[in-house]
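**Q** Which chain is which? The protein sequence lines are A and B, in order. Residue 3 is where the first sequence starts when you use the working numbering, and the numbers rise one by one after that. Residue 17 is where the second sequence starts when you use the working numbering, and the numbers rise one by one after that. For every residue, glycine included, the Cβ atom is placed at its ideal position computed from N, Cα and C. My questions will all concern the structure given below.
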Amino acid sequence: MATVRLVDIAKTIRSKNAGVNQVTFDIIFPDAPTYERVKRSGAFTRQAMASLFGIPPERISAFVEFDPANAVKFTILRSRPNGSPGDWDILGCQYYAPLMDLTLDTEPDAGA
Amino acid sequence: MKIMVSTGHLGTAPSGRESFDRGLEARPDVIAADAGSSDPGPVYLGEDITMGLFAEEELELLLTSARRLGIPMIIGSAGDTGSNRGVDQFVEIIKANAAEHRIPKFKVGYFYSEVPHAYLLDKMARGVSIDGLDGFPALTREELERTSRVVAVAGVHPFIELLDRGADVIIGGRSGDAALFAAPAIRAGLPESLAYHMGKIIECASFCAEPFMGKETVIGTVTPDEVLVTACHPDQRCTVASVSGHAMYERANPDFEYVVGGSLDMRACRYEHHDEKTTRVTGARWSPASEIRVKLEGAKKVGERFMGIAGLRDAHLVRHVDDIVRWSRESVERMFGKDGYGLFYHVFGKNGVLKELEPVKESKAHELAVVVETVAEDAALAEKVTDYAVRMFFLARIPGVKGTAGAAATTKKAMRYLPGYVWTLNHTVPVDDPMELFSVHTTEAGV
């Protein structure tokens, strides 16, 4: 097994509003083998993402593996809708930052 | 049919000119742009103000280009929110530009998206449920009465109606982004599935290309069999990765897109390399809806808003920032009571962006900025609470502090900001006719 940081293997890690009351996270991998390796690692689950952000799993409103883009995607309900007093990241575009330091235990690349 | 788009939100920043000119060289059939979003928050709709400061020059660029080529220009969600005032503002800009450039007479079509309270109250009185999306409860009479403005999100229908009436330029009220691009293709008889999918992919312009660059032109081409998406900037390409990745942008479920009158099923989509700058997309399926529902947006005011900033540099105070925030809040509560205002602390350097979602509990920052945000019905109270809350950073009583001349670097005076608003409508309403909420009009511009 090898331990890798998500920021070192993902091509894109982003977050953005999906409507006014949700923020959706996209983690896009550069190719299908990397994507499959990440999926097999079991690091991306509803529970793992809830733990990372310290929220109950019920606040994760969607969790999908999107094969056409080699991407993992999940969505959280906001603590308050965007632009309400007290909300600073009105676009939700900086929520992704904690994902960058996530570490995954994966098998080495085939042939590596 | 080729649809050209140079910006994902017209008016927020200028379109890149090099890719724009290359787009024009490709002889598009339509130039279109979305000028609005719910992303900036509810205050713009509630106060009825335009956020984007570049709308005039952008409309001038699109108008002069479209008229030179003799092709339709289509704008949705005028003035950021698609309010009636935003539509009127954009129509006036078009007329002024047309006069200034002495453009030969042409027809301007426009439609309004605002929904009168009486319409919704009448629906509710007849037992129609106005259902909330994404965790919003069904609309109540009380919440509607507190709402200052409601807009409905249009589908393709008012755009097609105005094209049928011969409009050369269309200024839309609040509109679905995919719909305003799909409308001319659907009117031309092209498949709805491909037209909507093209619209969904190109609505943010160059965000569907790589490397990441905003405000650059892309062209979406719809044929009876396929969608082609082409980047126009010399350094950008629409790749299988960038286009398929964009398919899931800004939505919780990448497999379905809901528009007025139906939904797009993208589960069987295929993305293929076409040429160096172009990706080919096929396979979306269109399903007409049995019941037509239109999305509504509305906002209510919760008060006047002030902000102030306190800076902490002393390591001892930085370590005890949670205690200082608590001291400030408790001091405010002793002075003003616990109700009648909203008080928020944004501690930048610790968790100002993510708040309770921040996994880093021990900040390594050597200094912190705390933004105090207060909302109250009465502006004087909001200002006073903000001033007092910030002053309590300066006067914080933290055991062991060595500096005894002031516990924070502060600005002198609280700053007035836009009023506080919250979304009250993020709902859908069933309608008998997809045009029911949208009134279309035409006028002339040019000389």
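Going along the stretch 236-269 of chain B in order, which residues come within less than 8 Å of chain A, judged by CB to CB distance?
**A** Residues passing the 8 Å Cβ filter: 257, 260, 261, 263, 264, 265, 266, 267, 268, 269.
**Q** Just checking my contact of residue 248/B with residue 232/B at CB under 8 Å: how many whole Å lie between their CB atoms?
**A** Contact holds; Cβ gap of about 7 Å.
**Q** Mind checking the stretch 364-378 of chain B against chain A and listing, in chain order, the residues whose C-beta falls within less than 8 Å of any C-beta there?
**A** Listed by position, the residues of the stretch 364-378 of chain B near chain A (Cβ gap below 8 Å) are 368, 369, 370, 371, 372, 373, 374, 375, 376.
**Q** Which same chain residues, not among the five before or five after residue 114/A, have their C-beta less than 7 Å away from its C-beta?
**A** The predicted position of residue 114/A is uncertain, since its pLDDT is 41 and thus under 50; no value can be drawn from it.
**Q** Using CA coordinates, which residue listed in 391/B, 90/B, 73/B is at the minimum distance from residue 319/B?
**A** It is 391/B whose Cα lies nearest to the Cα of residue 319/B.
**Q** Compare the C-alpha of residue 362/B against each of 325/B, 26/B, 331/B and name the closest.
**A** The residue with the shortest Cα to Cα distance from residue 362/B is 325/B.
**Q** Quick one: what does DSSP say residue 97/A is sitting in, helix, strand or coil?
**A** Coil, per DSSP.
**Q** Could you check whether residue 93/A and residue 23/A sit closer than 8 Å to each other, using their CB atoms as the reference points?
**A** Not closer than 8 Å, so no.
**Q** Under 8 Å between beta-carbons, which chain A residues line up against residue 321/B? List them in chain order, please.
**A** Ordered by position in chain A, the residues that pass the 8 Å Cβ test against residue 321/B are 87.
**Q** So residue 117/A contacts chain B; which residues on that side make the cut at Cβ distance below 8 Å?
**A** With chain A running from 3 to 114 in the structure shown, residue 117/A is simply not present.
**Q** Can you find at least 3 beta carbon pairs, one from the stretch 419-430 of chain B and one from the stretch 350-366 of chain B, that sit closer than 8 Å?
**A** With a cut-off of 8 Å, the stretch 350-366 of chain B and the stretch 419-430 of chain B do not count as touching, because too few Cβ pairs lie within range.
**Q** Taking contact to mean at least 3 C-beta pairs separated by less than 8 Å, is the stretch 193-209 of chain B in contact with the stretch 142-152 of chain B?
**A** Too few Cβ pairs lie closer than 8 Å, so no.
**Q** Alpha carbon to alpha carbon, how far is residue 8/A from residue 112/A? Give it in angstroms, no decimals.
**A** In this prediction, residue 112/A scores a pLDDT of 49, lower than 50, which makes its location untrustworthy; no coordinate-derived value is stated.
**Q** In the DSSP output, which residue or residues are listed as bridge partners for residue 164/B?
**A** DSSP output for residue 164/B lists no bridge partner at all.
**Q** I need the straight-line Cα distance from residue 448/B to residue 310/B, nearest angstrom please.
**A** Cα to Cα, the separation comes out at about 10 Å.
**Q** Checking 8 Å against the spacing of the C-beta atoms, do residue 135/B and residue 97/B come in under that value?
**A** No.
**Q** Using only CA atoms, which one of 344/B, 280/B, 384/B lies nearest to residue 402/B?
**A** Cα-wise, what sits closest to residue 402/B is 344/B.
**Q** Would you call the CB atoms of residue 18/A and residue 266/B closer than 8 Å?
**A** Yes, Cβ-Cβ distance for residue 18/A and residue 266/B is below 8 Å.
**Q** Can you list, in chain order, the residues of its chain with a C-beta nearer than 7 Å to that of residue 277/B? Leave out the 5 residues immediately preceding and following it.
**A** If we look at residue 277/B and ignore the five residues flanking it on each side, its Cβ neighbours are 171, 304, 305, 308, 450.
**Q** Taking only three categories from DSSP, how would you classify residue 460/B?
**A** DSSP places residue 460/B in strand when its eight states are reduced to three.
**Q** So, with DSSP's three-state summary, where would you put residue 255/B?
**A** Here residue 255/B sits in coil by DSSP.
**Q** Taking the alpha-carbon of residue 378/B as reference, which of 364/B, 43/B, 222/B has the nearest alpha-carbon?
**A** For residue 378/B, the nearest C-alpha among the options comes from 364/B.
**Q** Looking only at its chain, what residues have a beta carbon closer than 8 Å to the beta carbon of residue 43/B, apart from the 5 residues adjacent to it on each side?
**A** Taken in chain order, the residues that qualify are 18, 85.
**Q** Could you say if the stretch 98-110 of chain A and the stretch 272-292 of chain B meet the contact criterion of at least three C-beta pairs nearer than 8 Å?
**A** These segments do not touch.
**Q** Residue 434/B to residue 95/A, Cα distance in whole Å?
**A** Cα to Cα, residue 434/B sits roughly 21 Å from residue 95/A.
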